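Residues in the first sequence are numbered from 1 upward in steps of one, following full-length UniProt numbering.
We put the beta carbon where it would ideally sit given N, CA and C, even for glycine.
Keep in mind that this is a model prediction, so the values were computed, not measured.
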Amino acid sequence: MEIWSEQTIKDFRRTLLDWYDQEGRATLPWRLNHEPYRVLVSEIMLQQTQVDTVLPYYERFMSDLPTVQDLAYAPEAQVLKLWEGLGYYSRARNLQKAARFIVDELHGHWPESADDLQELPGVGPYTSAAIASISFGEVVPAVDGNAYRVFSRLLKIDADIANTKSRKIFYDAIAPIVDISRPGDFNQAIMDLGSSFMTAKNPDSQNSPVREFNAAFRDDVEAKYPVKTKKQKPIKQMYMATISESNDKLLFEKRPDTGLLAGFWTFPLIEINSIDDIEGQQLNIKPIIHVFTHRRWEIWLVKQDVDLMPNQQYLSPDDWQRLSLPTVQHKLLKALEAFQ
DNA sequence: GACCCGTGGGG
DNA sequence: TCCCCAAGGGT
Numbered sequence: 001m002e003i004w005s006e007q008t009i010k011d012f013r014r015t016l017l018d019w020y021d022q023e024g025r026a027t028l029p030w031r032l033n034h035e036p037y038r039v040l041v042s043e044i045m046l047q048q049t050q051v052d053t054v055l056p057y058y059e060r061f062m063s064d065l066p067t068v069q070d071l072a073y074a075p076e077a078q079v080l081k082l083w084e085g086l087g088y089y090s091r092a093r094n095l096q097k098a099a100r101f102i103v104d105e106l107h108g109h110w111p112e113s114a115d116d117l118q119e120l121p122g123v124g125p126y127t128s129a130a131i132a133s134i135s136f137g138e139v140v141p142a143v144d145g146n147a148y149r150v151f152s153r154l155l156k157i158d159a160d161i162a163n164t165k166s167r168k169i170f171y172d173a174i175a176p177i178v179d180i181s182r183p184g185d186f187n188q189a190i191m192d193l194g195s196s197f198m199t200a201k202n203p204d205s206q207n208s209p210v211r212e213f214n215a216a217f218r219d220d221v222e223a224k225y226p227v228k229t230k231k232q233k234p235i236k237q238m239y240m241a242t243i244s245e246s247n248d249k250l251l252f253e254k255r256p257d258t259g260l261l262a263g264f265w266t267f268p269l270i271e272i273n274s275i276d277d278i279e280g281q282q283l284n285i286k287p288i289i290h291v292f293t294h295r296r297w298e299i300w301l302v303k304q305d306v307d308l309m310p311n312q313q314y315l316s317p318d319d320w321q322r323l324s325l326p327t328v329q330h331k332l333l334k335a336l337e338a339f340q
């Protein structure tokens, strides 16, 4: 691992921020100003989610709920509708809990340090540092996937970024480098660098503004970084989706309030071991495939009569269009249309 | 520390 | 088709 001199650190800050001022993504909507609410919403949406995906969601969200008070007082259903299709839905619920905590418990006074911000639900080590540096000027590194990727290459850090313990190694390595007068811009510049020249695949380090600081590129070992162990493959599961119609309504089922797609409505799903377990009128020839991070669902639509369970309800199109439905349920509805 | 939690895009 | 990736956090 490389250790930079004070002079190198100063040169790096200047080079990085000069590039950021010229070429950074200044027009991103969450960079129009540094209001903590705007930054918080953007940071939560951007967790494990690409910028292009977030943009339309962010615009709608800020338009409908422009202040932390609006979010705190909104019905949860409205928040989930604004989040529909974005995934990781506990983010939306935690975001509203955070807003309610700030409004109700802190009387609208924001926590201003990374340590205090981390008390908010859904706000962890990265997000707290991002808000503290961008909105409140705290000199603290925001260690996200971009920071891992960028600094593992610049400094040739061999720690496995899939390992929780590596976070401290990166934090300690980056902390002395963060620009003291512009910590928020420094952290955002690293993110812009990670999404332009220093990408995960096919990086363009030859033309990177910080090429001369890139030890891995200099030593022609950039492909080794970042060091990251593999994830496990999704588990395959087969399901029967019950299609039951009554007066132009369809039977839906509310999922348990914990676990995958917690509290969301889908067709009643019954796990089966093989296609031979299907009872009723099978509609589709090929299963509908939906892949989550850790699971791969293969779903068969099956028409059948059922006894209504307490967590089930017949819903009209008007009913379910008002609800926030997970993407897998939208897929099932679309597939069902083909048979009607 | 290991596992869970969505979705869409790209090679 | 399959695999990896994308501004992580909660349990």
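Cα-Cα separation, residue i to residue j
{"i": "residue 69", "j": "residue 131", "result": "18 Å"}
{"i": "residue 58", "j": "residue 208", "result": "29 Å"}
{"i": "residue 9", "j": "residue 177", "result": "6 Å"}
{"i": "residue 51", "j": "residue 244", "result": "39 Å"}
{"i": "residue 64", "j": "residue 191", "result": "28 Å"}
{"i": "residue 48", "j": "residue 91", "result": "11 Å"}
{"i": "residue 283", "j": "residue 277", "result": "15 Å"}
{"i": "residue 105", "j": "residue 298", "result": "45 Å"}
{"i": "residue 117", "j": "residue 305", "result": "51 Å"}
{"i": "residue 296", "j": "residue 121", "result": "29 Å"}
{"i": "residue 185", "j": "residue 134", "result": "7 Å"}
{"i": "residue 115", "j": "residue 205", "result": "35 Å"}
{"i": "residue 87", "j": "residue 325", "result": "11 Å"}
{"i": "residue 77", "j": "residue 84", "result": "10 Å"}
{"i": "residue 293", "j": "residue 262", "result": "15 Å"}
{"i": "residue 28", "j": "residue 19", "result": "16 Å"}
{"i": "residue 223", "j": "residue 145", "result": "16 Å"}
{"i": "residue 246", "j": "residue 308", "result": "12 Å"}
{"i": "residue 230", "j": "residue 169", "result": "20 Å"}
{"i": "residue 228", "j": "residue 249", "result": "49 Å"}
{"i": "residue 103", "j": "residue 124", "result": "20 Å"}
{"i": "residue 96", "j": "residue 62", "result": "13 Å"}
{"i": "residue 213", "j": "residue 138", "result": "25 Å"}
From the options, residue whose alpha carbon lies closest to that of residue i
{"i": "residue 74", "options": "58, 99, 302, 51", "result": "99"}
{"i": "residue 252", "options": "310, 196, 64", "result": "310"}
{"i": "residue 14", "options": "223, 280, 182", "result": "182"}
{"i": "residue 273", "options": "256, 237, 166, 248", "result": "237"}
{"i": "residue 226", "options": "194, 240, 248", "result": "194"}
{"i": "residue 187", "options": "16, 3, 4, 154", "result": "16"}
{"i": "residue 332", "options": "303, 20, 150", "result": "303"}
{"i": "residue 322", "options": "22, 286, 81", "result": "81"}
{"i": "residue 153", "options": "199, 143, 216", "result": "216"}
{"i": "residue 301", "options": "285, 308, 290", "result": "285"}
{"i": "residue 3", "options": "157, 54, 42", "result": "157"}
{"i": "residue 240", "options": "155, 275, 218, 125", "result": "275"}
{"i": "residue 40", "options": "5, 25, 7, 94", "result": "94"}
{"i": "residue 66", "options": "46, 54, 30, 53", "result": "30"}
{"i": "residue 126", "options": "287, 147, 136", "result": "147"}
{"i": "residue 143", "options": "136, 166, 6", "result": "166"}
Delimiting residues of the alpha helix (DSSP H) encompassing residue i
{"i": "residue 81", "result": "76-83"}
{"i": "residue 218", "result": "215-218"}
{"i": "residue 222", "result": "It is not in any alpha helix (DSSP H) - residue 222 carries neither H nor E in the DSSP assignment."}
{"i": "residue 242", "result": "Careful: residue 242 lies outside any alpha helix (DSSP H), inside the beta strand (DSSP E) at 235-243."}
{"i": "residue 168", "result": "166-174"}
{"i": "residue 330", "result": "327-337"}
{"i": "residue 97", "result": "90-100"}
{"i": "residue 48", "result": "No alpha helix (DSSP H) contains residue 48, which DSSP labels as neither H nor E."}
{"i": "residue 188", "result": "183-194"}
{"i": "residue 120", "result": "It is not in any alpha helix (DSSP H) - residue 120 carries neither H nor E in the DSSP assignment."}
Buried versus exposed, by CB contacts within 10 Å (16 or more), residue i
{"i": "residue 353", "result": "Since the first and last residues shown for the chain are 1 and 340, residue 353 lies out of range."}
{"i": "residue 56", "result": "exposed"}
{"i": "residue 203", "result": "buried"}
{"i": "residue 1", "result": "exposed"}
{"i": "residue 119", "result": "exposed"}
{"i": "residue 44", "result": "buried"}
{"i": "residue 175", "result": "exposed"}
{"i": "residue 257", "result": "exposed"}
{"i": "residue 317", "result": "exposed"}
{"i": "residue 141", "result": "buried"}
Extent of the continuous beta strand (DSSP E) to which residue i belongs
{"i": "residue 362", "result": "The structure shown does not extend to residue 362, since the chain spans only 1 to 340, so no value can be given for it."}
{"i": "residue 297", "result": "295-303"}
{"i": "residue 1", "result": "Where residue 1 is concerned, there is no enclosing beta strand (DSSP E), given that its DSSP letter is neither H nor E."}
{"i": "residue 271", "result": "269-272"}
{"i": "residue 68", "result": "No beta strand (DSSP E) holds residue 68; the alpha helix (DSSP H) holding it covers 68-73."}
{"i": "residue 131", "result": "Run containing residue 131: none in the beta strand (DSSP E); it sits in the alpha helix (DSSP H), 125-136."}
{"i": "residue 252", "result": "249-254"}
{"i": "residue 313", "result": "312-315"}
{"i": "residue 289", "result": "288-291"}
beta-carbon residue i near the ligand SAH non-hydrogen atom, thresh 8 Å
{"i": "residue 51", "result": "Ligands in the displayed structure: none, and consequently the ligand SAH is not present."}
Open item on the list: Check whether the segment 253-268 and the segment 329-339 are in contact - that is, three or more C-beta pairs closer than 8 Å.
Closed with: yes
Open item on the list: When you compare the segment 31-43 with the segment 94-114, are there three or more beta-carbon pairs, one atom per stretch, that lie closer than 8 Å?
Closed with: yes
Open item on the list: Does the segment 160-173 come into contact with the segment 202-220, if we say contact requires no fewer than three beta-carbon pairs (one atom in each stretch) closer than 8 Å?
Closed with: no
Open item on the list: Would the segment 248-263 count as touching the segment 309-328 if we require 3 or more Cβ pairs under 8 Å?
Closed with: yes
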